Amino acid sequence: MDETREAFAIQLIGLSTPEPDGSRRLFPERELCTRLDVSRGALRERLSELESIGILSRRQGHGTYLQAPGPDVIRTYFTTMRALGFLDSSEIAEAREMLETVVAVQAARRAGDADAERLRDLVDEMVACTAAGDHDRATEADLAFHAELFAIVANPVFTMVHNGLAHALAQAMHERRAAAIAAEGVTADGRAETDTIHYPIVEAIAANDPDAARSAIRRHFEIHSLITLDTAKEGTP
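Written out as structure tokens, the structure reads:
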């Protein structure tokens, strides 16, 4: 049994039965050993590898199942890379900008009225929380806004990457929002461009206008970068 992990997982699909939830229940361990012509120890070692990356789960009293993996492995990868210094906030921001530009365009093509309303509510929440000085909640609303774009598109590949980046994105978002608010301040009524720049994105998506959505989200990132870049320059001796 010297095949790759991927080949082994695919081989197991043929040695399993489908379940209503989309998972697949593996044949009993003894039968798997016979079909694969391996020892029980070797089989368990390979199954443990799949379990470690979320493809396999053991359900007490019910058997062993193949399932769609969650974002945990990707999340651990990006979080560890950042903690070790191999990935910094600017690289996360660059990846986020490229990914979300594509996602915003697709969201404009697919969004319904309810989707646009949810986005608008989240921007309203950002504005209200910033005005109240509750920057943590404003950041959470900002993160939720961008997560909603991925939810509208509902592409499993984009969703997996976004969810895998979620923890690193949250850390970077807190840092960048704090820098932006410190740099630009707020208006007399407590509004900040860091928040209000999201409204044109909402309007473009509500109008199902992909070109406007592309322009709006690019403008969002440009404004944010200009604000935080100015802050960085001011802090340079």
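Residue 157 in numbering that gives the first Met the number 0 sits at position 158 of the sequence shown, and the numbers go up by one each step.
We put the beta carbon where it would ideally sit given N, CA and C, even for glycine.
Computed from a predicted model, the values in this text were never measured in an experiment.
Q. Mind pulling the alpha helix (DSSP H) runs of 4 or more residues that sit fully within the segment 163-211?
A. Note on the segment 163-211: whole alpha helix (DSSP H) runs with a minimum of 4 residues are 192-195, 198-205, in chain order.
Q: State buried or exposed for I54, treating a residue as buried only when at least 16 other CB atoms are found within 10 Å of its CB.
A: Flag for I54 reads buried.
Q. In chain order, what residues of the same chain have a beta carbon less than 7 angstroms from the beta carbon of L121, not counting five sequence neighbours either side?
A. Once the five neighbours on either side are set aside, the close Cβ partners of L121 are A140, A143, F144, E147.
Q.
Between which two residues does the beta strand (DSSP E) holding G62 run?
A. It spans 62-65 - the beta strand (DSSP E) in which G62 sits, taken as one unbroken run.
Q. Would you call the CB atoms of I151 and R95 closer than 8 angstroms?
A. In this structure, R95 does not lie closer than 8 angstroms to I151 by Cβ.
Q: Confirm, please, whether the CB-CB distance from R23 to I9 is below 8 angstroms.
A: Taking a C-beta distance under 8 angstroms as the contact criterion, I9 and R23 do not qualify as a contact pair.
**Q.** Assigned exposure category for H61 - 16 Cβ within 10 Å defines buried
**A.** The residue is exposed, with fewer than 16 neighbouring Cβ atoms inside 10 Å.
Q. Are the segment 68-87 and the segment 164-171 touching, with three or more C-beta to C-beta distances below 8 angstroms?
A. Touching, yes, given that three or more Cβ pairs across the two stretches are closer than 8 angstroms.
Q. Counting along the chain, where does the beta strand (DSSP E) carrying T16 start and finish?
A. Boundaries of the beta strand (DSSP E) harbouring T16: 15-17, taken from the DSSP string.
Q: Note the first and the last residue of the continuous alpha helix (DSSP H) segment covering L31.
A: Per DSSP, the unbroken alpha helix (DSSP H) holding L31 starts and ends at 28-35.
Q) Between the beta-carbon of G184 and the beta-carbon of A130, is there less than 8 angstroms? A) The beta carbons of G184 and A130 sit no closer together than 8 angstroms.
Q: Keeping to the same chain, check which residues put their C-beta closer than 6 angstroms to that of I73; ignore five residues upstream and five downstream.
A: The answer, listed in chain order, is G163.
Q: Decide if D87 is buried, meaning its Cβ has at least 16 other Cβ atoms within 10 Å, or exposed.
A: In the assembly as shown, D87 is an exposed residue. Its beta-carbon has fewer than 16 other beta-carbons within 10 Å.
(Q) Output needed for S15: all residues of its chain with C-beta closer than 7 angstroms, excluding positions within five of it in sequence on either side, in chain order. (A) Cβ neighbours of S15 beyond the five flanking positions: R23, R24, L25, F26, L65.
Q. Taking DSSP as the reference, what is the three-state secondary structure of L55?
A. DSSP places L55 in the strand class (E or B) of the three-state scheme.
Q.
Assess contact between the segment 210-226 and the segment 97-106, defined as three or more Cβ pairs (one per stretch) separated by less than 8 angstroms. Is contact present?
A. Yes: the two stretches touch, three or more of their Cβ pairs being nearer than 8 angstroms.
Q: Starting from the Cα of P155, find the closest Cα among P70, H173, E5, R119 and give me that residue.
A: Selected option, being the one with the closest Cα: P70.
(Q) Comparing C-alpha positions only, which one of F149, A191, T138 sits nearest to E174? (A) Ranking F149, A191, T138 by CA distance to the CA of E174 puts T138 first.
Q. Among H197, A203, A206, which residue has its Cα nearest to the Cα of E221?
A. The shortest C-alpha separation from E221 is found at H197.
Q. Taking 8 angstroms as the CB-CB cut-off, is S51 touching chain D?
A. In the displayed structure, chain D is absent; only one protein chain is listed.
Q: Count the other C-beta atoms from every protein chain shown that fall within 10 angstroms of the C-beta of D1, then say buried if there are 16 or more, exposed otherwise.
A: Because D1 sits at a pLDDT of 48, beneath the cut-off of 50, its placement in the model cannot be relied upon, and the point is left open.
**Q.** For A92 and T235, the rounded distance between their alpha carbons
**A.** In this predicted model, T235 has a pLDDT of only 42, less than 50, meaning its place in the structure is not dependable enough to derive any value.
Q: Go ahead and pull the three-state DSSP assignment for L118.
A: Of the three classes helix, strand and coil, the one that applies to L118 here is helix, per DSSP.
Q: Excluding the 5 residues preceding and the 5 following L42 in the sequence, name in chain order all residues of the same chain whose CB lies nearer than 7 angstroms to its CB.
A: Contacts found: E28, L31, C32, L35.
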